[in-house]
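Chains as they are written, first to last, in our numbering: chain B, 1 to 383; chain H, 1001 to 1296.
Where is the CB? At the ideal position from N, CA and C, for every residue including glycine.
Structure first, commentary second.
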């Protein structure tokens, strides 16, 4: 069928389109010069899922950034007034592209905190890199993120670092030798599995069983039966809290007595709500602990709770630190994107609420890692 | 060798338990297909609502478990009948494609309503009775697994008796054979179809409640995968055949578990759907289905 069943295409309205485009451009120009007049205002962007399935992550990040900016503006210590522009990606890569373009072209941001998920960071990051806009992701942990370029910074501890440190702690400090791994078959789970296996071997332990599952699975009986047959001392779960809680329950039902371990995917009160007694004693790594005694971090927890009514999670803490680094950079060198990038690249031992932070050559943050333990239905600090 | 046999036996128990829940779900698909030639894609959501209803009756209303199970089955049966009444009955004379689209729409609708009412987070479903672990002949099992098998067995036996020994069962078989003739013989076709939905839905609810407790998790999207697996089991057994659905469910459960035991856990879901494709290619009428000639 001609025209694929659609009405005939009409040609020849290019003139109207051209006029419209010119009008929009003119409007943008006027808006742009208007911004330039208010010299003391600097725009900081935030990019992440503020709605949809991953909204809790994005909202935490947005809150952390907002808190840092409000504090800076209220303190009167800075020569600029900071304005936050938040863009919602809905966790969608196409939306992330639109959002980053809007932040750079329309909002004229000096620097960005984001994106939040690994996938959207890999999509939006190269746009910011090409435009020469420095950005700090507070949460994207995929290895490829650090390859985006020299305008990319990552203020979160990567998956492989988490798994490697847990493996070291389990073998060296806890004296465990026989490990089983049950991982979610996705980027996160795979990275954890590889690094944990390598870490255990490197320190003289043994990985006796490796099994996988799909995100959202409920039935782990077959995998756990295989694992139980190898008599491990510990089970490392490379996945998120919902599945971890279910795995813990089913392992208990199967009579599997192992030390449960995991990474920051465990870091949610839901782990305890769902897992109950089965997750008692479980250990996991996390970049932040909101019950910490550290005065700087405790102060942040208090202020965050006062502003948003809930305790901050790791996403909020990393985002807060990232925004503060950007604010300090702008204060030091002015709202010049390239100069801000250079300042961030040279950050050494920045006193963040997540610990002293330094950026390595590839833009990844080097900072301390907590190991937390579930005890009487609470997270407590193991290390 | 000893150890291998033990592991194998343990995995067979897992397969039997999983398979019996697939079978309960598959029965709903196959019965509805039998009388309407419709794949009721909302069936997985009916299973999910059954699980939620059971959870609420146990935790909020504090009913004793057997009563909660029966009540959850009854309430979910009503939902099944309602879905049939609003989404399928008006399309009785439309093309099969329209009804299929309506079924998919219903599935999405029910899931979204559940998300709206109960929220997206997983809820725990602790059994309201003590769970003990037993070791029989070196193989470990527990109260929950045994109860799941028991419930599935009772349901299947009950269904078998209902279909073969009662007037309603006879009417269902008659409608499945030839709807027009059955109507001419004085069978109330609409009521029979409604009953078929009610029974299929209550079986799905029983499966939902048992699985919810077995895995200690109830969540609005929990019906998607088991719904597909139940469908595969029904096709595997021969869609439209009740014994076929029972056999198909058990075979699928075993195949998955043995796939994990012998190959790798990454293959579990792939195995289910590879079986579906193989059956469709080499034995489209299923293990127990009768080969039928499509009337042209």
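query	result
Per the DSSP calculation, residue 285 (chain B) is bridged to which residue(s)?	B:371
So, does the CB of residue 56 (chain B) fall closer than 8 Å to a CB anywhere in chain H?	no
Compare the C-alpha of residue 192 (chain B) against each of B:232, B:208, B:239 and B:225 and name the closest.	B:239
Under the three-state reduction of DSSP, which class applies to residue 1124 (chain H): helix, strand or coil?	coil
What does a CB cutoff of less than 8 Å around residue 1093 (chain H) pick up in its chain, not counting 5 residues either side in sequence?	none
In chain H, what lies closer than 9 Å to residue 223 (chain B) by C-beta?	1260, 1265 and 1268
Tell whether a beta-carbon distance below 8 Å holds between residue 248 (chain B) and residue 282 (chain B).	yes
Taking its Cβ as the centre, do 16 or more other Cβ atoms sit within 10 Å of residue 79 (chain B), making it buried, or is it exposed?	exposed
Who are the near neighbours of residue 369 (chain B) in its chain, counting only those whose CB is closer than 6 Å to its CB and skipping five residues on each side?	157, 165 and 285
Between residue 1112 (chain H) and chain B, is the shortest Cβ-Cβ distance under 8 Å, so that the two count as touching?	no
Excluding the five sequence neighbours on either side, which residues of its own chain have a C-beta within less than 8 Å of the C-beta of residue 88 (chain B), listed in chain order?	48, 49, 50, 51, 58, 95 and 99
Keeping to the same chain, check which residues put their C-beta closer than 7 Å to that of residue 1216 (chain H); ignore five residues upstream and five downstream.	1124, 1125 and 1126
Just to confirm, are residue 1288 (chain H) and residue 1253 (chain H) a CB contact at a threshold of 8 Å?	no
Can you list, in chain order, the residues of its chain whose CB lies under 6 Å from that of residue 1073 (chain H), leaving out five sequence neighbours each side?	1202, 1205 and 1206
So for residue 108 (chain B), helix, strand or coil by DSSP?	coil
Considering only their Cβ atoms, is the gap separating residue 1007 (chain H) from residue 1234 (chain H) smaller than 8 Å?	no
Looking only at its own chain, which residues have a Cβ that is under 7 Å from the Cβ of residue 382 (chain B), when we skip the five neighbours before and after it?	283, 371, 372 and 373
Starting from residue 1122 (chain H), find everything on chain B with Cβ-Cβ shorter than 7 Å and list it in chain order.	242 and 274
Going by DSSP, what residues sit across from residue 260 (chain B) in a beta bridge?	B:235
Of the residues H:1083, H:1280, H:1258 and H:1272, which one's Cα is nearest the Cα of residue 1239 (chain H)?	H:1280
Three-state secondary structure (DSSP) at residue 212 (chain B)?	strand
According to DSSP, simplified to helix, strand and coil, what is residue 985 (chain H)?	Lying outside 1001 to 1296, the shown extent of chain H, residue 985 (chain H) is not represented and no answer is given.
Given that residue 51 (chain B) touches chain H, what residues does it touch there, using C-beta distances under 7 Å?	Those do not exist, as residue 51 (chain B) stays about 12 Å from chain H at its closest Cβ, beyond 7 Å.
Going by DSSP in three states, residue 1037 (chain H) sits in which element: helix, strand or coil?	coil
Grab me the residues of residue 365 (chain B)'s own chain with a C-beta within less than 8 Å of its C-beta, minus the 5 sequence neighbours each way, in chain order.	153, 154, 155, 156, 157, 357, 358 and 359
What does residue 254 (chain B) reach in chain H if we use C-beta pairs closer than 7 Å?	1140
To which residues does DSSP link residue 180 (chain B) through a beta bridge?	B:209 and B:235
Rounded to a whole number of angstroms, what is the C-alpha to C-alpha distance between residue 311 (chain B) and residue 64 (chain B)?	11 Å
For a minimum of 4 consecutive residues, which ranges assigned as the alpha helix (DSSP H) are wholly contained in the stretch 88 to 162 of chain B?	93 to 101 and 118 to 131
Could you check whether the Cβ of residue 1364 (chain H) sits closer than 8 Å to any Cβ belonging to chain B?	Shown here, chain H extends from 1001 to 1296; a query on residue 1364 (chain H) therefore has no answer.
Identify whether residue 1186 (chain H) lies in helix, strand or coil by the three-state DSSP scheme.	coil
Using a Cβ-Cβ cut-off of 8 Å, state whether residue 212 (chain B) counts as contacting chain H.	yes
Would you kindly check if the distance between the Cβ of residue 1241 (chain H) and the Cβ of residue 1082 (chain H) is under 8 Å?	no
Would you say residue 1150 (chain H) lies against chain B (beta-carbon separation less than 8 Å)?	no
Alpha carbon to alpha carbon, how far is residue 1141 (chain H) from residue 1019 (chain H)? Give it in angstroms, no decimals.	15 Å
What does the alpha-carbon distance come out to for the pair residue 141 (chain B) and residue 279 (chain B)?	25 Å
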